[in-house]
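Residue numbers (the working numbering): 6 to 426.
Below is the structure:
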């Protein structure tokens, strides 16, 4: 049994425990981390995800009198315990007015530019929380299944925590991402997609590693990760002069960022700082769109075929229950956009001096659909990552046999990390 590590700032966090997002909302202790979702009971066929419950009655709302600057530790009472060594400027990203939108609407439109984070994506907010949890859990290392931003961000925070990091990737990976993983000292392991999640579980169970990505067939994700995304909502609220926008539009994969933003605005309402939540819109590639299907069919989650799309960062084939909950809370809708409209949005942002990853531009591409729903107040589109992250060129790596033994051999040979020790 691993020993829980205590951080110097633990007492600042008002986290109470891990709360199941099932109807019964069962509260579990903060440790051990329920990385496979809430325990299954009765005839339940899938795991409910969890989030973190907080003692909102104890929150001093003067917390929101501060400027929305970088460093998520400023929001410590409303975050899980954070390792003070890990933060290096995540958050505090700019809210940029977009003149291109002024031609189509009188409603102000802003871009929340998450490409300004330390590894140039929104994932840094999540991984400050997940890697802090890995340290607090006494893990020997961290493991993640990712083809891009999530893996790179995990690797950077693992480096700051002085933890070895294994990243299970597809065999075809962007040279940019590969270079970043190696720069941060992580070991990329190319495996076939279907085997990535079982291997994550095997590495956790046999090597004592902590996952920052999913372990279950339907996405439950890490309970602590989306808490980092709440701070996007806090910042938008303060950057607009303590105003709740009319809508927030979010490029969506598994729905963790969407859920975190929804929770952040819900907390502002709970704390009496905001009168209501904005409407929330998810945006997925029209070639896939599992959350769109789940929301349209009134199902908790859905799976779709892997249609061709260049929106790689949000090209999921399975949705997560968190996404449905976020859209219901935000009185929103699940939208889809094709690659052509997203490419046009990317080019339009470029003409304003902003270079975003193609998937990042999905929110702006969906603007006509958002406007058609009838809104008042400013609209905020989330830009998740910088344009240099697009896989313009890729490297094909030889696939590793999907067994813990062969993965351990590969990691030892390539990086010197011994998963068997």
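The C-beta atom is built at its ideal place from N, Cα and C for all residues, glycine as well.
Here DSSP, grouped into helix, strand and coil, assigns residue 244 to helix. By the Cβ test, the region 172–190 is not in contact with the region 221–239, since fewer than three Cβ pairs between them sit closer than 8 Å. Excluding residues up to 5 positions away in sequence, 347, 350, 351, 354 lie with their Cβ nearer than 7 Å to the Cβ of residue 366 in the same chain. Buried is the label assigned to residue 258, since at least 16 other Cβ atoms lie within 10 Å of its Cβ.
Counting along the chain, the unbroken beta strand (DSSP E) around residue 117 starts and ends at 114–118. In this structure, residue 385 keeps its C-beta atom at 7 Å or more from the C-beta atom of residue 128. In this structure, the CA atom of residue 295 is about 7 Å from the CA atom of residue 306. When the beta-carbon positions are compared, residue 364 and residue 318 come within less than 7 Å of each other.
Pairing residue 33 with residue 22 gives a Cβ-Cβ distance under 7 Å. Within the model, the alpha-carbon separation for residue 405 versus residue 389 is close to 31 Å. As the crow flies, the alpha-carbon of residue 409 is around 57 Å from that of residue 111. Residue range 409–420 is occupied by the alpha helix (DSSP H) that includes residue 415. In its chain, beyond the 5 residues on either side, 193, 400 have a beta carbon closer than 7 Å to the beta carbon of residue 183.
In the DSSP assignment, residue 189 is bridged to no other residue. DSSP places residue 326 inside the alpha helix (DSSP H), whose first and last residues are 326–334. Assignment of beta-bridge partners to residue 23 by DSSP yields 33, 57. C-alpha of residue 73 to C-alpha of residue 426: approximately 43 Å in a straight line. Scanning its chain for C-beta atoms nearer than 7 Å, with the 5 sequence neighbours on each side dropped, one finds around residue 132 the residues 158, 159, 162, 217, in chain order.
Rounded to the nearest angstrom, the Cβ distance from residue 75 to residue 95 is 7 Å, consistent with a contact under 8 Å.
In this chain, the beta strand (DSSP E) harbouring residue 341 covers 338–342. The Cβ neighbour count for residue 88, taken over all protein chains shown within 10 Å, is at least 16; the residue is labelled buried.
Annotation: the region 336–387 contains the following complete segments of the beta strand (DSSP E) (minimum length 3 residues), in chain order: 338–342.
Counting every other CB atom within 10 Å of its CB across the protein chains shown gives residue 52 a total of 16 or more, marking it as buried. When DSSP reads this structure, residue 160 sits in no beta bridge, so it has no partner. In the same chain as residue 37, and ignoring 5 residues on each side of it, the C-beta atoms closer than 8 Å to its own belong to 142, in chain order. Distances from the alpha-carbon of residue 79 to those of 114, 97, 196 put 97 closest.
DSSP places residue 127 in the coil class of the three-state scheme, outside both helix and strand.
By the beta-carbon neighbour count (other beta carbons within 10 angstroms, threshold 16), residue 397 is exposed. At a Cβ-Cβ threshold of 7 Å, residue 146 and residue 214 count as neighbours. Residues of the same chain with a CB within less than 7 Å of the CB of residue 44, apart from the 5 flanking positions on each side, do not exist. Here residue 419 is exposed. Its C-beta has fewer than 16 other C-beta atoms within 10 Å. With fewer than 16 other CB atoms across the displayed protein chains lying within 10 angstroms of its CB, residue 180 is exposed.
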